[in-house]
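Line order of the protein sequences matches chains A and B.
Heads up, the first sequence is in the numbering used here, so the first residue is 68 and it goes up one at a time.
Heads up, the second sequence is in the numbering used here, so the first residue is 2 and it goes up one at a time.
Right, one structure below, let's go through it.
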Amino acid sequence: MTRHAKETDLALFASGDVSRWNKLRINLHLNRCTRCREIAEAYQTDRERLRREASKMPPGVDWEHLAAEMTANIRVGLEAGECVAPRRKRRFPVRRTPVKMGFGWAVASAAVGVTFLIGVALWLNFPSSDREVLGRAFGQLLHGKAIPLSDESGPVVEASSAGIELRENGGALKISQGALHPVAVSVSAQGSASARYVDADTGQMTITSVYVQ
Amino acid sequence: MCSKLFTPLLAIAAMAAGQTPNGHIDIPKDSPVSMVSVDWSGSRATPRGGAYLVDVHASLTLLNASQKHIRGVSLEVLAQEVTPGGKGAVKVPSLDVAPRDSFSVRIDETLLRPLGGGNPDTGPMVEVRLDGVLFDDLSFYGPDKLNSQREMTVWEMEARRDRKYFTALLQTGGRDGLRDAMLASLNRQADARRPGVQVVRGRATNSDPEHEVQFAFLHMPDAPVEPSGGMARVTTNEAWAPRFEVRNLSKRPVSYVEIGWIVKDQTGNEFLAASLPADLNLAPGQGARVLPDATIKFPDRVAIQGMSGFVSSVQFSDGSYWIPSRGTIDQRDLRNVVSPSPEEQRLSQIYIKKGLDALIQELKKF
């Protein structure tokens, strides 16, 4: 009877976090054990799916609008700072007691700080395509001239070995068959993409599609 | 004061914990299928960054309430809050559901929508509607908003053609003959690798120099229409504004033509890039110019070197169809680029997963 590999080892193997010796040992085992191979493949599939989801995380926002709002917030912060009069030279000896910061400075600093933190957090969370839009907005602000548009300016349907997707206006729609991988994908010039899936247990073929209207 | 502070915090906590999205199934009472059950378990909506990530998992059990065998079902999936101009579909071809039998359809959908959009109290709404049912006599029921009738009829005709082909192989060549044909089919499917492709309406931006490339149409001896004079604008990895002429060679008026668009890359690899459908009204002997408004775009590593095309299906005005014969698609220049039918793929998967005996049993079913 075949002794199965530990599930924790399979999970680590799927993520590439095992030593070379263990990798070789598990690889040899997977070559002759269907059950463990399926578990390891399932871990790899989940990992790949999570990676894909994370990399395309939030194209759900009107980034153009958000970029403009963030820029405006920064400007408000900077202008609030400028409202405070420049520091006057003190004609009297500096006191040792702590200097009270003016209310305006506190508000301005807090606004700039919070805006900066939110901006960095959002920036790190953005998919690369959305960073491009924001970068363009900031570029326009800095250079005062328009920067060429990116490729995706309208609805896009996409077919790849991972499946099909419709992206539009910051929203995205994917239709799949759970953990199944498509056996084929296709696109139509009318603006649709389709993916074919076969359920190994039932032998049922399911075809999913997304359409641009 | 406290309640003002806690209310948004509670809302944020509830959102972070995940919200069950609202789903609705719309199957008309007079339709030939009725819903036995629906299971939404595992569906959830969770905030991700500045957006909602909505995972919808629905397992529908439908009953054939008609007096005929069902061959295919098409469901329209709507998520208007997410993609106002788009929709999805789940279609199940190659069915053989007898009257009063039930069958399952699975829908797995991932949506991303802005946090601020939609009604926060009801959560995102996903609606599933019946678009059509195809019966074994090729009759159809349903609103057909997604052109499901045409698509499912072509799939059913291809399924009949391919089941007949493989059954004949079994009878003439025995188990070995069928096995060889399955292996050849699987090899073709594995070799037909193609890069990801995007379709956009109109023209995508690309600063590369553009030029015109001519289509080389493949000869289909029994096709009722003949394409010619095809051109498209091409940059390195993008092709747009395809246009071609078609002439009706048959004695019946033609209402629809679909052309398979094949692209050759810099390595000489040819793959089916897209289909070019065209609604027409072509009298016998008449010709027309087709100008689809579309752009296809490949990853940067692909450089388009050449293009060809072939007639993949034709619909006549009387509602009948033409599809290529098995002999035509087994031609050397078409064999490796034409996608196998959904039925051939289904049969080959049954062969891989369950073996030759299971495949033979499947071929005997209907």
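Built from N, CA and C at the ideal position, the CB exists for glycine as well.
Quick caveat: nothing in here was measured; it's all calculated off a predicted structure.
Check: Sequence-distant residues of its chain with Cβ nearer than 8 Å to A99 (chain B) (five each side left out); Outcome: N65 and H70
Check: Proximity test, Cβ basis, 8 Å: T273 (chain A) and chain B; Outcome: yes
Check: 6 Å Cβ shell around L61 (chain B) - same chain, five flanking residues per side excluded; Outcome: V39 and V106
Check: Residues that DSSP places opposite F218 (chain B) in a beta bridge; Outcome: B:G310
Check: Where the beta strand (DSSP E) containing V93 (chain B) begins and where it ends; Outcome: G87 to V93
Check: Exposure of R347 (chain B), with buried meaning 16 or more beta-carbon neighbours within 10 Å; Outcome: buried
Check: Below-8 Å beta-carbon distance, G186 (chain A) vs any chain B residue; Outcome: no
Check: K241 (chain A), DSSP secondary structure in three states; Outcome: strand
Check: Residue ranges of each alpha helix (DSSP H) within the segment 302-360 of chain B, 4 or longer; Outcome: 327-330, 333-336 and 343-355
Check: Buried/exposed call for A191 (chain B), threshold 16 Cβ in 10 Å; Outcome: exposed
Check: Chain-ordered neighbours of P94 (chain B) on chain A, where CB pairs are closer than 7 Å; Outcome: M272 and I274
Check: CB contact check: K241 (chain A) to chain B, cutoff 8 Å; Outcome: yes
Check: Length-filtered (3 minimum) beta strand (DSSP E) runs lying within the segment 246-274 of chain B; Outcome: 255-265
Check: Residues within the segment 345-364 of chain B neighbouring chain A, beta-carbon criterion of under 9 Å; Outcome: Q346, R347, L348, S349, Q350, I351, I353, K354, K355, A359 and E363
Check: Euclidean distance between Cα positions of Q290 (chain A) and P343 (chain B); Outcome: Because chain A in this structure spans residues 68 to 280, residue 290 (chain A) falls outside the shown range and cannot be described.
Check: Where V37 (chain B) falls: helix, strand or coil (DSSP); Outcome: strand
Check: When B:P243, B:G286, B:V155 and B:S349 are compared against L250 (chain B), the one with the closest alpha-carbon; Outcome: B:G286
Check: Cβ-based contacts, 9 Å cut-off: residues of the segment 99-111 of chain B near chain A; Outcome: F104, S105, V106, R107, I108, D109, E110 and T111
Check: Identity of the residue in A:R114, A:P222, A:S261 and A:A256 nearest S246 (chain A) by Cα; Outcome: The question names Ser, but residue 246 (chain A) in the sequence shown is Ala. The residue with the shortest Cα to Cα distance from A246 (chain A) is A:R114.
Check: Beta bridge counterpart(s) of Y264 (chain A) as assigned by DSSP; Outcome: A:T273
Check: Euclidean distance between Cα positions of A81 (chain A) and A107 (chain A); Outcome: 6 Å
Check: Closer than 8 Å to chain A by CB, V198 (chain B); Outcome: yes
Check: R263 (chain A): contacting residues in chain B (beta-carbon distance under 7 Å); Outcome: P343 and Q346
Check: Three CB pairs or more closer than 8 Å across the segment 226-235 of chain B and the segment 302-312 of chain B; Outcome: yes
Check: Between the CA atoms of G180 (chain A) and K156 (chain A) - distance to the nearest angstrom; Outcome: For K156 (chain A), the pLDDT reaches just 42, beneath the cut-off of 50, and the residue's location in the model is therefore unreliable, leaving the point undetermined.
Check: L364 (chain B) versus B:L171, B:W262 and B:N337, residue with shortest Cα-Cα distance; Outcome: B:L171
Check: Three-pair Cβ contact test at 8 Å for the segment 276-292 of chain B versus the segment 328-335 of chain B; Outcome: no
Check: Own chain residues within Cβ distance below 7 Å of E159 (chain B), not counting five before or after; Outcome: I324, S342 and E344
Check: Spatial neighbours of C150 (chain A) in its chain, beta-carbon cut-off 7 Å, leaving aside the 5 residues before and after; Outcome: Its pLDDT being 49, under 50, C150 (chain A) is placed unreliably in this model, and the value from its coordinates should be taken loosely. So the qualifying residues of the chain are G171.
Check: Cβ-based burial, A213 (chain A) [other Cβ within 10 Å; buried from 16]; Outcome: Low confidence applies here, because A213 (chain A) scores a pLDDT of 42, under 50, leaving its location unreliable; read the following figure in that light. Classification for A213 (chain A): exposed.
Check: Reduced DSSP secondary structure (H/G/I, E/B, other) of R368 (chain B); Outcome: Limits of chain B in this structure are 2 at one end and 367 at the other, which puts residue 368 (chain B) out of reach.
Check: Exposed unless 16 or more other CB atoms sit within 10 angstroms - verdict on A90 (chain B); Outcome: buried
Check: Spatially closest choice to V277 (chain A) from A:A251, A:R92 and A:E232, by CA coordinates; Outcome: A:E232
Check: Beta-carbon neighbours of I26 (chain B), restricted to chain A and to distances below 8 Å; Outcome: Neighbours of I26 (chain B) on chain A: none; closest Cβ ~15 Å, over 8 Å.
Check: Proximal residues, the segment 53-81 of chain B versus chain A, C-beta separation under 8 Å; Outcome: Y53, L54, H58, V78 and A80
Check: Residue-chain proximity (I297 (chain B), chain A), Cβ-Cβ < 8 Å; Outcome: yes
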